[in-house]
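Engineer: Just dropping this structure here.
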Amino acid sequence: MSEFSGMEELLQDFILESCDLLSDVDNKLVELEKQPNNTALLNDIFRGFHTIKGGAGFLNVKAMVTLCHRTENLFDKLRNGELTLNSRVMDVIMDATGVVRDMFGPLSQRQQPVSADPALLAALDEALAGSAASDAAPAAAPVATAPVVAAATTAPATASGAEPNWATLMQVIVPAAAVAAAPASTATPVATQPALAPIPAQVPAAVSGEVLPAAAPAKTPAKAAPAKTNAPVSSSQQENTIRIDTNRLDMVLNLSGEIGLTKNRLTTLRTEILQGHSDPNTLRSLDEAVSQLDLLVSDLQNAVMKTRMQPIGRLFQKYPRLARDLARQLNKEVELIIVGEETELDKTMIEDLNDPLVHLVRNAVDHGIELPEERIAAGKPAKAEVHLTAEQVGDHILIEIQDDGKGMNADVLRRKAIEKGLIDVETANALDEKQCLQLIFLPGFSTKDQISSVSGRGVGMDVVRTNIQKLNGRIDITSVPGEGTRISISLPLTLAILPVLVVRACNQAFAVPLAMVREIIPIDPNVIQEVSNKPTIVVRDEILPLKSLSHLLGWEPTDKPAFGVLMQSAAHSFILAIDSFVGRDDVVIKPLQNIRPKGVAGATLSGDGSVVLVLDMEDLMNNKDVTPAALRTPEYYPG
Amino acid sequence: MSEKNLRFLVVDDFSTMRRIVRNLLKELGYTNVDEAEDGQVALHKLKTQHFDFIVSDWNMPNMTGIELLRAVRGDAQLRTLPFLMITAEAKRENIIEAATAGASGYIVKPFTAATLEEKLSKIFTTLTTA
Numbered sequence: 001m002s003e004f005s006g007m008e009e010l011l012q013d014f015i016l017e018s019c020d021l022l023s024d025v026d027n028k029l030v031e032l033e034k035q036p037n038n039t040a041l042l043n044d045i046f047r048g049f050h051t052i053k054g055g056a057g058f059l060n061v062k063a064m065v066t067l068c069h070r071t072e073n074l075f076d077k078l079r080n081g082e083l084t085l086n087s088r089v090m091d092v093i094m095d096a097t098g099v100v101r102d103m104f105g106p107l108s109q110r111q112q113p114v115s116a117d118p119a120l121l122a123a124l125d126e127a128l129a130g131s132a133a134s135d136a137a138p139a140a141a142p143v144a145t146a147p148v149v150a151a152a153t154t155a156p157a158t159a160s161g162a163e164p165n166w167a168t169l170m171q172v173i174v175p176a177a178a179v180a181a182a183p184a185s186t187a188t189p190v191a192t193q194p195a196l197a198p199i200p201a202q203v204p205a206a207v208s209g210e211v212l213p214a215a216a217p218a219k220t221p222a223k224a225a226p227a228k229t230n231a232p233v234s235s236s237q238q239e240n241t242i243r244i245d246t247n248r249l250d251m252v253l254n255l256s257g258e259i260g261l262t263k264n265r266l267t268t269l270r271t272e273i274l275q276g277h278s279d280p281n282t283l284r285s286l287d288e289a290v291s292q293l294d295l296l297v298s299d300l301q302n303a304v305m306k307t308r309m310q311p312i313g314r315l316f317q318k319y320p321r322l323a324r325d326l327a328r329q330l331n332k333e334v335e336l337i338i339v340g341e342e343t344e345l346d347k348t349m350i351e352d353l354n355d356p357l358v359h360l361v362r363n364a365v366d367h368g369i370e371l372p373e374e375r376i377a378a379g380k381p382a383k384a385e386v387h388l389t390a391e392q393v394g395d396h397i398l399i400e401i402q403d404d405g406k407g408m409n410a411d412v413l414r415r416k417a418i419e420k421g422l423i424d425v426e427t428a429n430a431l432d433e434k435q436c437l438q439l440i441f442l443p444g445f446s447t448k449d450q451i452s453s454v455s456g457r458g459v460g461m462d463v464v465r466t467n468i469q470k471l472n473g474r475i476d477i478t479s480v481p482g483e484g485t486r487i488s489i490s491l492p493l494t495l496a497i498l499p500v501l502v503v504r505a506c507n508q509a510f511a512v513p514l515a516m517v518r519e520i521i522p523i524d525p526n527v528i529q530e531v532s533n534k535p536t537i538v539v540r541d542e543i544l545p546l547k548s549l550s551h552l553l554g555w556e557p558t559d560k561p562a563f564g565v566l567m568q569s570a571a572h573s574f575i576l577a578i579d580s581f582v583g584r585d586d587v588v589i590k591p592l593q594n595i596r597p598k599g600v601a602g603a604t605l606s607g608d609g610s611v612v613l614v615l616d617m618e619d620l621m622n623n624k625d626v627t628p629a630a631l632r633t634p635e636y637y638p639g
Numbered sequence: 001m002s003e004k005n006l007r008f009l010v011v012d013d014f015s016t017m018r019r020i021v022r023n024l025l026k027e028l029g030y031t032n033v034d035e036a037e038d039g040q041v042a043l044h045k046l047k048t049q050h051f052d053f054i055v056s057d058w059n060m061p062n063m064t065g066i067e068l069l070r071a072v073r074g075d076a077q078l079r080t081l082p083f084l085m086i087t088a089e090a091k092r093e094n095i096i097e098a099a100t101a102g103a104s105g106y107i108v109k110p111f112t113a114a115t116l117e118e119k120l121s122k123i124f125t126t127l128t129t130a
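Heads up: the protein sequence lines correspond to chains A and B, in order.
Taking UniProt numbering, the leading residue of the first sequence gets 1, the next gets one more, and so forth.
Taking UniProt numbering, the leading residue of the second sequence gets 1, the next gets one more, and so forth.
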């Protein structure tokens, strides 16, 4: 039996709502560091922990109640002015927040999280008592804390927190109920040991599956081991639920109602036409009804898509804390500035973006930003800025992360790549500066001489690029030595619907992504020029290679290509030679099961019901130059 | 009128908590429940709709439970409404503050349906005897 049987839905809600709340708390904590006396912030953070504690109490998650309770008490004293915030207290609070977040991991697997590290609880208690002693203002403090001050002064608040007096202290400070809830951590001298004693709070059999229909994958409970890690984002927490603005949901409902009505109209018209009524009036009605259906369906598609759209801020809000923790760890001063958090993106993309973005933020702080001394020596302010921005540009979302750090040096990158044996010297020397920057995307490339615990294992950037490409996105990098690095990620708005251009070659229809199409031009055989033995066409002073679609596919052309589609992507610009084109369409890509022909992203159905292959141009282009030899032979371009 | 038809207003800023309280009330047979996410929203609902019973959290943004309680007791229309205060603390000064402000009852989180029922029936008894 799961501990939470019968409460699964409630638990899901609690986790979802609390995680949001905790992210909010995290951000407010980063703010609080800048303005430690802001009462509104203190109040908000207090309420955050208080609320989570309340919910956890009902779900009987004792470990969380204990931890939140102490943190909340600490904030109660901070907001009442009984304690003042210093960096040590702040660190303890940050740790506590991290541990609370970690507890959501096991909870989402429907398991009780193990109790917080006793050392952390002790540190919280010490913060509660210790700073009060140093404040030494018993007159201002309420009656209840007076004995605490006395007790604390007898045992000087040393960093190790080795006093045996915690039990007594606890009883004074914390209401009896909470002491009872956490007897182990207070009554025993465990508090002095920083080492973790992972107490398996639940038997592994708790996940034995009988109660969990839509059960989460049975991850090993060992994963839940209490770690005092600073990693605030556990990527294992995938969300199966979504919160939608009711207005958007109503829109979907209205539109489906409208479509129902139009369908009725069409049914009536069908009967009339089948009965032989094909007078102009009936046909006009049919035309109207179909046009209306057309409009409604595209509206419905948009409306449904909108329900999947979520503000990217939900993702971004986790990063200030990440940057702050990392900067502290590395003794750097960094401020993460976020712009455009209201930009909306498909929910699945937001989730898949997390890992790449975490990596990029870490990279910026770890590799990009210099130590304060170096920055001052270079004439920069000691505090570095990392800008994380999102905006919608046309039908794309542009996400940029820009630092004002030391930038990347093309020569250094070149040398590294050679040292690591990723490329040979000749290739390296042939690369221009922009191409050198691309080297960081090679598997196994890491610019740090020493592997740090933070980033720099060299498994990073290639994975980042692969992940972005999986989302049909593009990643670009620009860097100026001494001034900083900017990484731009460009993503389609959604993965669900793809606008395409349908073209014909070899008597078959193919769809190419419209995003890559710049224009369509007729191909006049006379304007084809040979440049180093390859056919090219000059379009407005730009020499573009001509590639025949049939050849890219490895087929024999049946007809002489009559049209050229000017295609543009990050890596290539070229003219795709085709026989004819059908038009543009919005398609839903169905992946091909079990087979993956090169250059084919999937299939879709065209308006007349036939199957159309959707081409993956990048993949097709990587089909190392199947040189369109036939295009050059005179038979196809006589004269 | 049967008690089970009473219309409840559950006030809490945490939707999970509203749901918990709603579920507990449902367990006790009270199905006529509306929600509000803070004191301000609650007060507006109370002034525009009819309610028989308020169950409110203490600690909320915009307008806290105790402020809501004072507003309700200071309103000619609403002053007699039963008001059950929910908090996470069993602090003496809090209980006294709520009682002075005119709370009909006081319940500490977490609680079970049984505890809630007990508190409710206590309030109903005082209502009928008064």
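Glycine included, every Cβ here is placed at the ideal spot set by N, Cα and C.
Values in this document were obtained by computation on a predicted structure and should not be read as measured data.
Quick one: which residues of the region 19 to 48 of chain B get their C-beta closer than 8 Å to a C-beta of chain A? List them in chain order.
Structural biologist: Taking 8 Å as the Cβ-Cβ cut-off against chain A, the residues of the region 19 to 48 of chain B that qualify are Arg19, Ile20 and Asn23.
Engineer: Is A/Glu351 closer than 8 Å to A/Ala390 when the C-beta atoms are compared?
Structural biologist: Result no, Cβ atoms of A/Ala390 and A/Glu351 do not sit closer than 8 Å.
Engineer: When DSSP builds the beta bridges, which residues end up paired with A/Tyr319?
Structural biologist: Partner(s): none; A/Tyr319 has no beta bridge.
Engineer: So what's A/Leu261 in DSSP terms, helix, strand or just coil?
Structural biologist: In the structure shown, A/Leu261 sits in a helix (DSSP, three-state: H, G or I).
Engineer: Please list, in chain order, the chain A residues whose beta carbon lies closer than 7 Å to that of B/Asp17.
Structural biologist: The sequence shown places Met at residue 17 of chain B, not Asp. The answer, in chain order, is Gly54 and Gly55.
Engineer: So what's A/Val588 in DSSP terms, helix, strand or just coil?
Structural biologist: Residue state, collapsed to three classes: coil.
Engineer: Residues of chain A with CB under 7 Å from B/Asn59, in chain order?
Structural biologist: Going along chain A in sequence order, the residues near B/Asn59 (Cβ under 7 Å) are Arg47 and His50.
Engineer: Looking at the structure shown, is A/Leu431 part of a helix, part of a strand, or coil, going by DSSP?
Structural biologist: Three-state DSSP puts A/Leu431 in coil, outside helix and strand.
Engineer: Touch check for the region 35 to 44 of chain A and the region 60 to 68 of chain A: three-plus C-beta pairs under 8 Å?
Structural biologist: Short answer: they don't touch.
Engineer: If you measure beta-carbon to beta-carbon, which residues of the UniProt domain "HPt" (3 to 107) of chain A are closer than 7 Å to chain B?
Structural biologist: Cβ contacts with chain B: Leu10, Asp13, Phe14, Glu17, Arg47, His50, Thr51, Lys53, Gly54, Gly55, Gly57 and Phe58.
Engineer: Check whether the region 353 to 364 of chain A and the region 320 to 327 of chain A touch, using three or more Cβ-Cβ pairs below 8 Å as the test.
Structural biologist: Output reads yes: the region 320 to 327 of chain A touches the region 353 to 364 of chain A.
Engineer: Of the choices A/His50, A/Ala509, A/Ser5 and A/Ile537, whose alpha-carbon is the least far from that of A/Gln112?
Structural biologist: Of the listed residues, the one whose Cα sits closest to A/Gln112 is A/Ser5.
Engineer: Using the Cα positions of B/Met85 and B/Asp12, report the straight-line distance between them to the nearest angstrom.
Structural biologist: One C-alpha to the other measures close to 11 Å.
Engineer: Does DSSP classify A/Thr478 as helix, strand or coil?
Structural biologist: Note: A/Thr478 maps to strand in three-state DSSP.
Engineer: Which runs of the alpha helix (DSSP H) at least 4 residues long sit entirely within the region 497 to 573 of chain A? Give them in chain order.
Structural biologist: Qualifying alpha helix (DSSP H) stretches, in chain order: 549 to 552.
Engineer: Would you mind working out which of A/Arg47, A/Val89, A/Arg518 and A/Leu10 sits nearest A/Pro36, comparing C-alpha positions?
Structural biologist: If we check each option's Cα against that of A/Pro36, A/Val89 comes out closest.
Engineer: Out of A/Thr307, A/Ile520 and A/Asp294, state which residue places its alpha-carbon closest to the alpha-carbon of A/Val252.
Structural biologist: Closest by alpha carbon: A/Thr307.
Engineer: For the candidate residues A/Glu72, A/Leu592 and A/Asn354, whose alpha-carbon lies nearest to that of A/Leu471?
Structural biologist: That would be A/Asn354, whose Cα lies nearest to the Cα of A/Leu471.
Engineer: Thinking C-alpha only, which one of A/Thr97, A/Glu82, A/Thr84 and A/Asp117 is nearest A/Ser18?
Structural biologist: Checking every option, the nearest Cα to that of A/Ser18 belongs to A/Thr97.
Engineer: Determine the closest residue to A/Leu315 out of A/Leu345, A/Ile520 and A/Asn331, with distance taken between C-alpha atoms.
Structural biologist: Nearest C-alpha to A/Leu315: A/Leu345.
Engineer: With contact counted as at least three CB pairs below 8 Å, one residue from each stretch, are the region 469 to 484 of chain A and the region 406 to 416 of chain A in contact?
Structural biologist: Verdict: yes, contact present.
Engineer: Among A/Asn281, A/Lys318, A/Val463 and A/Cys506, which one has its Cα closest to the Cα of A/Pro557?
Structural biologist: That would be A/Cys506, whose Cα lies nearest to the Cα of A/Pro557.
Engineer: In the DSSP assignment, what residue or residues form a beta bridge with A/Ala577?
Structural biologist: Answer is A/Ser548 and A/Gly564.
Engineer: Can you give me the C-alpha to C-alpha distance between A/Thr348 and A/Asn281, rounded to a whole angstrom?
Structural biologist: Roughly 47 Å separates the two Cα atoms.
Engineer: Buried or exposed: where does A/Gly257 fall if 16 or more other Cβ atoms within 10 Å of its Cβ makes it buried?
Structural biologist: When all chains shown are included, A/Gly257 counts as exposed.
Engineer: List, in chain order, every chain A residue whose beta-carbon is nearer than 9 Å to that of B/Pro82.
Structural biologist: In chain order: nothing, as chain A lies at least about 22 Å away.
Engineer: Does the beta-carbon of B/Gly65 have 16 or more other beta-carbons within 10 angstroms, so that it is buried, or is it exposed?
Structural biologist: Result: buried.
Engineer: Of the residues A/Thr71, A/Glu8 and A/Phe58, which one's Cα is nearest the Cα of A/Leu29?
Structural biologist: It is A/Thr71 whose Cα lies nearest to the Cα of A/Leu29.
Engineer: Is it right to say A/Val393 is buried, meaning 16 or more other beta carbons lie within 10 angstroms of its own, or is it exposed?
Structural biologist: Exposed: under 16 other Cβ atoms inside 10 Å.
Engineer: Assuming residue 710 of chain A is part of the alpha helix (DSSP H), what are its boundary residues?
Structural biologist: Residue coverage of chain A in this structure runs from 1 to 639, which leaves residue 710 of chain A outside it and unanswerable.
Engineer: Roughly how many whole angstroms lie between the Cα atoms of B/Leu46 and A/Val611?
Structural biologist: The straight-line gap from Cα to Cα measures roughly 60 Å.
Engineer: With DSSP as the reference, label A/Val114 as helix, strand or coil.
Structural biologist: Of the three classes helix, strand and coil, the one that applies to A/Val114 here is coil, per DSSP.
Engineer: Decide if A/Asp287 is buried, meaning its Cβ has at least 16 other Cβ atoms within 10 Å, or exposed.
Structural biologist: The residue in question, A/Asp287, is exposed, as its Cβ has fewer than 16 Cβ neighbours within 10 Å.
Engineer: Measure the beta-carbon distance from A/Leu491 to A/Ile589 and round it to whole angstroms, keeping in mind my assumption that it falls under 8 Å.
Structural biologist: With a Cβ gap of about 16 Å, A/Leu491 and A/Ile589 do not count as contacting.
Engineer: Find the nearest neighbour of B/Arg19 within the set B/Lys4, B/Asn5 and B/Glu37, judged by alpha-carbon distance.
Structural biologist: Checked all of B/Lys4, B/Asn5 and B/Glu37; the closest Cα to B/Arg19 is B/Glu37.
Engineer: Taking 8 Å as the CB-CB cut-off, is B/Lys119 touching chain A?
Structural biologist: No, because no Cβ of chain A sits closer than 8 Å to the Cβ of B/Lys119.
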